[in-house]
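The sequence shown: position 265 = 265 (UniProt numbering), numbered continuously.
Remarks on the structure that follows.
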Amino acid sequence: MLEIHHYGACACSYLLLYCDEGHVQFRMPTSSPRSLVATLLWQLVTDTELFCLLKEKHGKGGFELFVEEKVVPLAGDVIFENMGLDAPRLEELAKEVDIIVNGAATTNFYERYDVALDVNVMGVKYLCQFAKKCANLKMLLHVSTAFAAGDREGLIMERPFKKGETLREGTYLDIDAELRLVGDVKKELERQDGGDKTKRERKGMKELGLERSRHFGWSNTYVFTKAMGEMLLGQLHGAIPVVILRPSIITSILRDPLPGWMQGTRTIDTIIIGYAKQNLSCFLADLDLTMDVIPGDMVANAMMVAMVAHSEEQGAEVMYHATSSLRNPAPYGVLYESGRRHFYENPRLSKDGQVIPTKEMHFFKTIASFHLYMLIKYKLPLEILHLVNLLLCGLFSQLYDDLTRKYKFVMHLVDVYGPFALFKGCFDDINLERLRLTMTKTSPEDDMFNFDPKTVDWNDYFYKIHIPGVLKYVLK
């Protein structure tokens with residue numbers, strides 16, 4: 001199984017080769033110093049708390065030997081043809097690999113357009129080209145996002161994109177034309193005189209990403225380029241069996257191997273973190289709307305079951321929504337009430353041991369109401385400060401510039417993330433439900449690979465598992 005990771009345009013990427021038989025095709029000499037990529041593997045993956053059960057079972061030395069026998073890291077990058085691997089290594093891999101899992105992505109909503117296209121689109125193309133060279137390949141599993149379907153209302157079906165399909169009537173998406181556009185805009189930015197060229201290009205590429213996304217009907221660069229990646233995979237996979245898994249917002253582990261474990265901050269965790277630090281007085285969200293979330297271990301379980309179910313299905317292309325909004329919807333109100341309950345029962349303490357009182361938060365149900373609030377509370381005082389600053393010959397220039405920058409930053413966040421906070425779609429998961437039923441018939445006693453959202457009690461999950469997980473693993 002080949003899993004490709006990408007950590008930004010300039011960071012190191014690596015390939016992990018898993019061997020189901022328990023031995024390795026490309027073993028690192030244990031006597032030599034660890035390579036940079038092997039060190040990264042340990043720091044970013046195996047040194048995390050996620051592997052606590054295996055560490056307990058094997059002991060420290062035994063665990064390291066266990067991992068070295070199972071996992072081989074290879075330095076490479078999906079933004080390059082042949083993933084940056086030399087021909088002999090690529091040829092050797094092509095003989096051995098039987099399952100490919102593509103989890104490479106840049107998930108920044110406001111990413112540079114050129115970077116997002118390189119990773120989320122061209123990365124899919126190059127990986128598909130490699131897959132066609134693999135003589136024993138059984139299937140390719142591509143991890144996308146449910147929100148690639150766009151900011152829609154109503155039931156969103158599990159179906160792949162057609163070539164050129166967009167979310168705005170009267171438009172047609174030509175991926176090659178988008179790549180050419182990026183090149184042309186970069187040349188134009190390069191020709192401009194004055195200023196910091198690097199900063200100008202970065203800003204220009206970010207703005208171009210949002211502009212093109214919204215031109216075709218998507219809300220941000222991330223979901224737009226993930227949709228393009230799906231589209232390209234549908235065109236190129238040919239006879240290779242392909243599964244596209246679309247998770248919604250992936251939250252902390254529900255059960256196995258470590259309840260509450262997570263890495264990074266999810267959109268919904270902004271509420272929890274702001275509540276914990278007591279520096280967030282308001283938030284853009286309708287507490288009655290559904291926040292489609294799915295625990296991380298359920299996503300992993302769905303991936304593994306899908307791999308088994310669709311191996312060697314010649315030319316198949318199957319779409320799965322790993323989501324919860326249809327079968328077990330969780331409104332934002334559940335998260336907020338669970339947070340209030342947690343912090344009232346587990347109050348935060350100041351440095352001198354005094355209880356920090358928990359404050360209520362105010363929620364805005366529309367972007368317009370939030371804009372009005374920001375206008376009255378911040379924008380008008382800023383204009384008054386600006387006038388005073390002019391009258392006093394620039395005495396408050398630094399303060400005015402700092403506050404203006406912060407105000408613009410908040411408004412930019414609302415512009416980019418607002419559609420997610422007020423998302424009104426519902427993801428159908430009938431395909432994944434069929435897969436669940438098939439698994440149950442095959443092995444009814446096996447609960448190890450549970451991915452049924454109906455088994456989750458959201459009140460219990462957020463109060464006992466997810467919120468403590470955010471405080472422990474994100475806020476430390």
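All C-beta atoms in this analysis are idealised placements derived from N, C-alpha and C, irrespective of residue type, glycine included.
Please read these numbers as outputs of a predicted model, since none were measured by experiment.
- Going by C-alpha positions, tyrosine 275 is about 14 angstroms away from valine 355.
- By the neighbour-count criterion, in which a residue is buried when 16 or more other Cβ atoms sit within 10 angstroms of its Cβ, alanine 368 is exposed.
- By the criterion of at least three beta-carbon pairs nearer than 8 angstroms, the stretch 461-474 is in contact with the stretch 253-263.
- The straight-line gap separating the alpha-carbon atoms of serine 248 and aspartate 193 is approximately 43 angstroms.
- In the displayed model, arginine 180 falls within a helix according to three-state DSSP.
- Note on geometry: alpha-carbon atoms of arginine 214 and leucine 117 lie some 15 angstroms from one another.
- In this structure leucine 208 is in contact with tyrosine 113, their Cβ atoms being roughly 5 angstroms apart against a cut-off of 8 angstroms.
- Here arginine 327 is near lysine 454, since their CB atoms are less than 7 angstroms apart.
- As the crow flies, the alpha-carbon of glutamate 337 is around 25 angstroms from that of phenylalanine 451.
- Under the DSSP definition of a beta bridge, leucine 245 partners with Val143 and Tyr320.
- If you ignore the 5 residues before and after threonine 166, its C-beta comes within less than 8 angstroms of the C-beta of Tyr172, Leu173, Phe216 and Gly217, all in its own chain and listed in chain order.
- With a cut-off of 8 angstroms on Cβ pairs, the stretch 238-246 is in contact with the stretch 300-319, counting three or more such pairs.
- Contact between the stretch 153-160 and the stretch 94-111 is not established, with fewer than three Cβ pairs separated by less than 8 angstroms.
- Serine 397 counts as exposed, since fewer than 16 other beta carbons sit within 10 angstroms of its beta carbon.
- Under the three-state reduction of DSSP, histidine 237 is assigned to coil, being neither helix nor strand.
- Just measuring C-alpha positions, the residue of Lys186, Leu210 and Glu211 sitting nearest lysine 199 is Lys186.
- Annotation: the continuous alpha helix (DSSP H) that includes glycine 209 extends over 197-216.
- Listed in chain order, the non-local C-beta contacts of leucine 90 below 6 angstroms within the same chain comprise Asn82, local neighbours out to five positions each way being set aside.
- The alpha-carbon of cysteine 128 is positioned some 40 angstroms away from that of leucine 335.
- Our two residues, glycine 62 and glutamate 69, have alpha carbons roughly 11 angstroms apart in a direct line.
- Note that the C-beta distance between leucine 140 and alanine 131 is below 7 angstroms.
- In this structure, the beta-carbon distance from leucine 189 to glutamate 201 falls below 7 angstroms.
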